[in-house]
Amino acid sequence: MATTALVAGLLAGAPADAGRPARTKTTASWSSTSTVRDTPVSVTGTVKDRVRGRRTVRLQLRTASGWRTQEKARTTSAGDYSFAVPTWWTRSAKVRVLAARTGRARADATRAQRVTVVEPYAAGGDPAAWAHISSYPVRLNPCQRLTYRVNAAQGLPDPATAETLSHAAIARISQATGVEFRYLGPTGAVFQGGGGSVPKDTDVLISWATDAETALDIGPGTAGRGGAGKAVWGRDARGRRIALARNAGVVIDSQTPYMDASAALHVLMHELGHAMGLGHVSDPAQVMHPASYDVPDYQWGAGDLTGFEKVGTMAGCVRPDRRGRFSAPGGLQLPDLP
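Sequential numbering of the sequence shown, starting at 806, is according to this note's numbering.
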């Protein structure tokens, strides 16, 4: 009886939160909430709790798929942290810092702060001037790093320049979508409009060829074609059924007479826009206009940027539709660029 009474007394005298994780308070201070692409922005703050030791903190971005971790770090022993906010791609999105839960302390996140990153120029035209490539969205999955290869053996204005321009065009796509790309090297493959023509380890194929070397029509009057190769049914972040592109490609006419470096970059940007899922628009201020070669310095227009937001990182992940058998969507037509 004495032992039982002693235990009961100890339990009665124990703090109500004994054994529970300690509360956490995370603060944040932003150096700027609106900036030009590639201009540094930082967030600093402190994680406070009653537990000694360094804490893991995550810089997170809000997309249609939820909070996505951009950077990860550990606080100092005093609880201080600092992040450089990624500003290499354009968007307007909510950002927060999350202190991860530990065995002795609760998780806590700062209040979400909207951070806007814009291009270093005034994007022209109508922001609503964008379109999907078909009657239903066709998208690569932006939540994975996409691989690409280049076949510039017949590239214009010359193979070396064509390869350099290919990387430049991919960089501009990345800056507009937030999608990361990894170059796998050169290839001899030519995009034929079907997934089988794209190397198995490659998500995006960039190629130059003659009209006779591809099943796609790139004869006189057509500078190139681009779009999805293999596609299956998928679901976007909101559960809507769309086409998930397993790979995509571009083929550019190697016999186009006017293809100097400036024109080649424009065609690459336009066709890669198709590969990412964008279609033609009627606004001549957009790179996705089918015959607009007077876009200043071949900069993305306001409508282009809106479209890339709808098919890129901010639109969230695309997953295969596992309800039943996969079936490739029919009627994927690849637009041409005169």
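All C-beta atoms, glycine included, are put in the ideal place defined by N, C-alpha and C.
Asked: If I measure Cβ to Cβ from Ala-1107 and keep anything under 7 angstroms in the same chain, skipping five residues before and after, which residues do I get?; Found: Ala-928, Gly-929, Gly-930, Asp-931, Pro-932
Asked: Within the continuous beta strand (DSSP E) that includes Ala-1048, where are the two ends?; Found: 1046-1050
Asked: With a Cβ-Cβ cutoff of 8 angstroms, do Ile-938 and Leu-1077 count as a contact?; Found: no
Asked: Please specify which runs of the beta strand (DSSP E), each continuous and at least 3 residues long, are wholly inside the region 896-933, giving them in chain order.; Found: 896-904, 918-923
Asked: For Leu-1073 and Thr-840, I'd like the C-alpha separation in whole angstroms.; Found: 28 angstroms
Asked: Put Tyr-1103 into one of helix, strand or coil per three-state DSSP.; Found: helix
Asked: Using 8 angstroms for Cβ pairs, my map puts Arg-901 next to Gln-875. What's the rounded Cβ distance?; Found: Actually they are not in contact, since the Cβ atoms of Arg-901 and Gln-875 sit about 10 angstroms apart, beyond 8 angstroms.
Asked: If you drop the 5 nearest sequence neighbours on each side, which residues of the same chain put their C-beta closer than 6 angstroms to that of Val-1123?; Found: Arg-944, Asn-946, Gly-1039, Asp-1041, Leu-1049
Asked: Spatial neighbours of Asp-843 within its chain, please: CB distance less than 8 angstroms, with the 5 preceding and 5 following residues excluded, ordered by chain position.; Found: Thr-892, Trp-893, Pro-925
Asked: Does DSSP put Leu-945 in a helix, in a strand, or in coil?; Found: coil
Asked: Could you give the DSSP three-state label for Gly-1129: helix, strand or coil?; Found: Reliability of the predicted coordinates at Gly-1129 is poor, the pLDDT of 49 falling under 50, and the value obtained from them is presented with this limitation in mind. Three-state DSSP puts Gly-1129 in coil, outside helix and strand.
Asked: Does Glu-968 come out as helix, strand or coil in the three-state DSSP assignment?; Found: helix
Asked: Bridge partners for Phe-1113 per DSSP, in chain order?; Found: Note: Phe-1113 sits in no beta bridge, so no partner.
Asked: Going by C-alpha to C-alpha distance, which of Gly-990, Thr-895, Ala-1028 sits closest to Gly-1112?; Found: Thr-895
Asked: Please state the DSSP three-state secondary structure of Ser-939.; Found: coil
Asked: Where does Gly-1001 fall in DSSP's three states?; Found: helix
Asked: Please list the segments of the beta strand (DSSP E) lying wholly inside the region 1032-1090, counting only runs of 3 or more residues, in order along the chain.; Found: 1036-1040, 1046-1050, 1053-1058
Asked: In or out: Gln-949 buried (at least 16 other Cβ within 10 Å) or exposed?; Found: exposed
Asked: Three-state secondary structure (DSSP) at Ala-981?; Found: helix
Asked: Am I right that Ala-1014 and Ser-1002 are in contact with their C-beta atoms under 8 angstroms? What's the rounded C-beta distance?; Found: Their Cβ separation, rounded to whole angstroms, is 11 angstroms, which puts Ala-1014 and Ser-1002 out of contact at 8 angstroms.
Asked: For the structure I just gave you, are there three or more beta carbon pairs, one from the region 907-917 and one from the region 1043-1061, closer than 8 angstroms?; Found: no
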